[in-house]
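Okay, structure first, notes after.
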Amino acid sequence: MTLEQIRVFITVAQLGSIAAAAETLHKTQSALSIALKRLQDELNIELFHRQQYRLSLTVAGAKLLRHCEYLVKQQNHVLDIAKHLANGIESKIDVIYETVCHDEAIFSAISKAHQRFPLTEFYLSSENNLRSIKRLIDGEGDIAISPWMDQFNELADFETLPFSRFKIIIAAHKKQFPKNEPLPKSVTELEYLPLLMPQSLIFQLDLERLLGFVSPLQIRTNDLWAQKAMLMNGGGWGCIPSHLIEHELKTGELLELKLEEISYDAYVETRIIKLLNHSLGIAGKEMWQTLASKAANFNLNSE
């Protein structure tokens, strides 16, 4: 059984005659008759009834037709993929983003790229505690979106573009403090509450040093959503990106604490990142450029 025989079978079934199929396929009627006979002999079934001048499918032929049409469609799909790859378009792109960098622009860029390159598989995964950069270094990703520090340049040679930024604030639940009394103004007033911190960071950052305070009470979470949940349950206080608790701040359920030890607003820059020696294919480059347009808007708005 060959794909050519299957195509002959499908065309004859669709047109109802060998003569019409021969004209469509630009072959002789005898060549098509031989192809059909060989197919029927190999399958040991009759595919057609002869009714005057038109061929009609047998029950077995009708059932087989559906499978043959699917097989030909799959062959065309394989040919499309081969052409796709031959033109330098990747079969797969891995995009990794830190959950704190959640941004509609990321999902929009993937949707746009997939519409242009539907045969490329896009793998989108989220990470915490800067694991996206670690995975990039380990060759497990093509593009990452992550908070950025200049110290990361010591880990590998990166190509980066500023993507956005977010503000880090210190927050706690309102039920932690008596009503109608001033909020704490110093970290020493918070010694009785657990400090909510990440369990670990792939790249060691001394958060306690940045806070200027070592708390004897600590609860460590493995992601920011767990940290937010602990805040919402009155489980302690800690640093958290303000956009993750924007609604809770507006309703007054969570309170921003202004501590005298931290006299400045803390902003964290996020970047689009790839390894400098890692070449993106056509689809990856287009996605990078789409994300870069977001970066360009960010730069304009930051000036």
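For the sequence shown, the numbering used here begins at 1 and goes up steadily by one.
Where is the CB? At the ideal position from N, CA and C, for every residue including glycine.
Counting only the Cα atoms, Asn-180 lies some 50 Å from Tyr-123.
Judged by DSSP in its simplified three-state form, His-278 adopts coil rather than helix or strand.
Tyr-97 carries a strand assignment under DSSP once its states are collapsed to helix, strand and coil. Under the DSSP assignment, Ser-125 falls in the beta strand (DSSP E) whose first and last residues are 121 to 127. Restricting attention to Ala-144, Ile-169, Phe-177 and His-173, the CA atom closest to the CA of Pro-162 is found in Ala-144. Where Leu-15 is concerned, there is no enclosing beta strand (DSSP E), although the alpha helix (DSSP H) around it starts and stops at 3 to 15. Taking C-beta atoms as the reference points, Ser-126 and Thr-99 count as a pair closer than 8 Å. DSSP places Met-149 in no beta strand (DSSP E); its state is neither H nor E. Between the region 237 to 248 and the region 153 to 167, the count of Cβ pairs shorter than 8 Å is three or higher; the stretches touch. Your pair Pro-184 and Leu-257 checks out as a contact, with CB atoms roughly 6 Å apart and the cut at 8 Å.
Gly-61 carries a helical assignment under DSSP once its states are collapsed to helix, strand and coil. Listed as beta-bridge partners of Arg-38 by DSSP are no residues whatsoever. Sequence-distant Cβ neighbours of Glu-140 in its own chain, meaning closer than 7 Å and more than five residues away, are Asp-94.
When the five nearest sequence neighbours on each side are left out, the beta carbons in the same chain lying within less than 8 Å of the beta carbon of Glu-42 are those of Met-1, in order along the chain. Trp-288 and Met-149 have their C-alpha atoms spaced approximately 20 Å apart.
Only residues of its own chain outside the window of five on either side were considered, and among them Arg-220, Thr-221 and Asn-222 have a CB closer than 7 Å to the CB of Gln-199, listed in chain order. Rounded to the nearest whole angstrom, the CA to CA distance from Ala-156 to Phe-107 is 27 Å.
Between the alpha carbons of Arg-54 and Gln-75 lies a distance of about 29 Å. Collapsing the DSSP output to three states places Lys-185 in coil.
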